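With the numbering used here applied, the sequence shown corresponds to residues 92 to 442, in that order.
Beta carbons: idealized from backbone N, C-alpha and C, even for Gly.
Because the structure is a prediction, the values reported are computed rather than measured.
Reading through the structure tokens given below for one structure.
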Amino acid sequence: MEGENVPLGFGVDQNIKLTNGIYTKVEDGLTYEYESSKKGWFPVLEEVFDQQQSIYKVDGVDESEPAFDPALKKKEKRKLDHHPDETAKKKPKKINTSVYVTNLPTDCTVEEIHDYFKKCGIILEDTHTGLPKIKIYQDEEGRNKGDALVVYFKEESVKMACSLLDDTLFRFGEKPIKVQEAVFQEKEKTEEEKKEAKVDKNRIRKKMHKLTKKLDWEGDEIDEEEIKNSKNAKIVILKHMFSLEELEEDPTLLLDLKEDIREEAEKLGEVTNIVLYDKNPDGVISVRYKDAASALACVKNMNGRWFSKRKIEASIYDGKLKYEKTISSLENEEEEELRLKKYEEWLQNQN
């Protein structure tokens, strides 16, 4: 129904405008666009209005101002001379909690993006719907363009996402995604818009309080200090990376897997060792890093991702569980011989 696509308050709230079939409003100096499928408001990313101008733009030069205006310079000097002890008031820097993501698979979902990006912090929820503030951008025909906006609760999450998730594989086999700090178009707010912005302050306060409590009591959050102090802090355990049946069918999979995992793991830090536990039914691979910070980054990046239709479980090694793997020794000679025989048979079949 048409009414379901109309935002709450339209026709009553003078701040909500309808232009060319798109509902917009301005809050806190930012323009928001209503997304009917999510039933929520999302900030509008800044568009590059003149591509040629950006090519020839000189850093530090405001091309909208004349090269030199003597009258303006005199006016500024008079103003400074009149108030010699007054410090110029600077507009406080606006806190940004959003990241802009490109190179996403065009069939990805909000849930999939949420699961991938929540590793870097709590994702903000819409105050009306309770849905995560994630917008997948679409073209005029309603098809996903492969880019999205993710809005976090904390500013620190933006830096972490840009550091840990940029140039990583959202899905194995796909091209790496690009994650960067979102840039917004800022507009001056009118007096009328300032009054309208006060309407939902209580609802927003309650939502922020709820998110703050969630941040304080989140059960699955990683205790970073505890991990850094652990003697096993440099070792990451990855589960569900393979099945025993797959190793049985293709003996070369063992080497291919280790190579693939090393390539991905080294994006997060220096890897000193990788072990594939080919007797473990949980498909376990361990990755040892040179430092604990890289291991922690690996856990945050890999946990919950999908690999060969299996969901990866990534964690820091607890030092208690022992995982089985093939041991090349005299007491295991028969098993090693059997493995070599199967490998020879596999090579012959390939030829």
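Mapping DSSP to helix, strand and coil, what is residue i?
i, result
"R401", "strand"
"A324", "coil"
"Y228", "strand"
"E336", "helix"
"L222", "coil"
"V378", "strand"
"N111", "coil"
"A273", "coil"
"I204", "helix"
"L346", "helix"
"N96", "helix"
"E247", "helix"
"P161", "Its pLDDT being 40, under 50, P161 is placed unreliably in this model, and the coordinates cannot settle the point."
"N392", "helix"
Counting only the same chain and skipping the five closest in sequence on each side, list residues whose C-beta sits under 6 Å from that of residue i.
i, result
"D258", "P267"
"K381", "E361 and T363"
"K108", "T115"
Take residue i and list the residues in its own chain whose beta-carbon comes closer than 8 Å to its own, dropping the five residues that flank it on each side.
i, result
"L255", "K210, C211, L359, A388, K391 and N392"
"K319", "Note that K319 scores a pLDDT of 45, beneath 50, so its modelled location is shaky; the value from the coordinates is reported in the next line. Within the same chain, K319 has close Cβ partners A383, A384 and L387."
"F101", "I107, L109 and Y114"
"K269", "V192, T193, N194, D257 and D258"
Who are the Cβ neighbours of residue i in its own chain at under 7 Å, not counting the five residues just before and after it?
i, result
"N364", "R379"
"R353", "V362 and I365"
"Y228", "K236, D238 and A239"
"A356", "V362, V378 and C389"
Answer yes or no: do residue i and residue j have a C-beta to C-beta separation smaller than 8 Å?
i, j, result
"G131", "L240", "no"
"F261", "Y191", "no"
"A252", "N187", "no"
"V249", "I225", "no"
Nearest CA to the CA of residue i: which residue from the options?
i, options, result
"C199", "E265, S189 and K250", "E265"
"E336", "I352, Y123, D373 and Y408", "D373"
"I326", "L348, V366 and E355", "V366"
"G112", "Q105, I376, T193 and P98", "P98"
"W397", "F263, D347 and K226", "F263"
"E247", "K224, V201, E203 and S189", "S189"
"I376", "D104, I407 and E124", "I407"
"Y125", "E232, G410, T343 and T220", "T220"
Under 8 Å, Cβ to Cβ, is there at least one residue of chain D near residue i?
i, result
"T343", "No chain D is present in this structure, which holds just one protein chain."
**contact_flag[the stretch 382–392, the stretch 344–361] where n(CB pairs < 8 Å) is 3 or more** = yes
**At least 3 beta-carbon pairs within less than 8 Å: the stretch 328–338 vs the stretch 221–236** = Taking 8 Å as the limit for Cβ pairs, the verdict is that the stretch 221–236 does not touch the stretch 328–338.
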